[in-house]
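Enquirer: For our numbering, count along the sequence shown from 1 and bump the result up by 42. Can you keep this structure in mind? I'll have questions shortly.
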Amino acid sequence: MHGFRLDVETHIITAAVTSVQNLVKCIRGIGIDVDDLVLEPLASSEAVLTEDEKEIGIILADIGGGTTDIAVFKDGSIWHTSILPVAGYQITRDVAIGLGLPFDVAEEMKKRYGSVMPVYESKMETPSTISENGHGVSYQDLCDIIRARVEEIIRLILFELPRSEHEALVPAGLV
43 MHGFRLDVET HIITAAVTSV QNLVKCIRGI GIDVDDLVLE PLASSEAVLT EDEKEIGIIL
103 ADIGGGTTDI AVFKDGSIWH TSILPVAGYQ ITRDVAIGLG LPFDVAEEMK KRYGSVMPVY
163 ESKMETPSTI SENGHGVSYQ DLCDIIRARV EEIIRLILFE LPRSEHEALV PAGLV
């Protein structure tokens, strides 16, 4: 058998070798074996996306504490990944600064009461004022602050798509 041309489509993931080795060493240090390392958006996709979504094309955005991990799927595979340096920490910081709260109280309020839906659109019964550890704030103000930062994160995700050259590949939308 002879050939003249070999094509391959790959998605190359890079990481700092020392950081990965230190992470594996720490995990093994507490008695846990590390069989393999998996790209975070790939692991998240197994939990939240259907095979159909990955097949027809979808953007997965995992908003973590320090970063937002983005993966574009098409034809059942990852076509593009990216990491944004804006995530939950910045949302909490905005709440703390905007409402004059200690960071830990802002974090708890964000987790317990936070929403991006305006009160008038919400189906839930919500109080006009909420309190945590003796700090009372307007529920609407809390949601407005959270919504503003989440809208920014979504804009950054959408800004990333043209750079990925796959913006037309996502008919299933954003998860």
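Note that CB positions come from ideal geometry on N, CA and C, so glycine has one too.
#1: Can you give me the C-alpha to C-alpha distance between residue 80 and residue 130, rounded to a whole angstrom?
#2: Three-state secondary structure (DSSP) at residue 136?
#3: DSSP on residue 183, reduced to helix/strand/coil?
#4: Beta-carbon within less than 8 angstroms of residue 118's beta-carbon, same chain only, minus the 5 sequence neighbours each way: which residues are those?
#5: Beta-carbon within less than 6 angstroms of residue 126's beta-carbon, same chain only, minus the 5 sequence neighbours each way: which residues are those?
#6: Quick check: what's the CA-CA separation for residue 215 versus residue 122?
#7: Take residue 201 as the anchor and find which of 155, 158, 181 and 124 has the nearest alpha-carbon.
#8: Determine the closest residue to residue 135 out of 113, 114, 115 and 107, with distance taken between C-alpha atoms.
#9: Using CA coordinates, which residue listed in 68, 190, 50 and 44 is at the minimum distance from residue 132?
#10: Tell me the start and end of each unbroken alpha helix (DSSP H) in the stretch 90-119 that is at least 4 residues and wholly inside, in chain order.
#11: Between the alpha carbons of residue 170 and residue 100, how many angstroms are there, rounded?
#12: Please state whether DSSP places residue 174 in a helix, a strand or coil.
#13: Under 9 angstroms, Cβ to Cβ, is there at least one residue of chain D near residue 47?
#14: Is it the case that the Cβ atoms of residue 120 and residue 114 are separated by a distance below 9 angstroms?
#15: Let me check understanding here. Comparing Cα to Cα, which of 174, 112 and 82 lies closest to residue 128?
#16: Identify every residue that forms a DSSP beta bridge with residue 122.
#17: Is residue 216 helix, strand or coil when you go by DSSP?
#18: Check this for me: beta carbons of residue 147 and residue 188, under 9 angstroms apart or not?
Expert: So, to answer that:
#1: 22 angstroms
#2: In the structure shown, residue 136 sits in a helix (DSSP, three-state: H, G or I).
#3: Looking at residue 183 - three-state DSSP - the assignment turns out to be helix.
#4: 93, 96 and 97
#5: 110 and 198
#6: 15 angstroms
#7: For the options 155, 158, 181 and 124, the alpha carbon positioned closest to that of residue 201 is the one of 124.
#8: Selection 113, 114, 115 and 107 evaluated against residue 135 yields 107 as nearest (Cα-Cα).
#9: 190
#10: 93-98
#11: 36 angstroms
#12: strand
#13: Considering every chain present, this structure includes no chain D. It has just one protein chain.
#14: yes
#15: Among 174, 112 and 82, the Cα nearest to that of residue 128 is on 112.
#16: 114
#17: Here residue 216 carries a strand assignment [DSSP, helix/strand/coil].
#18: no
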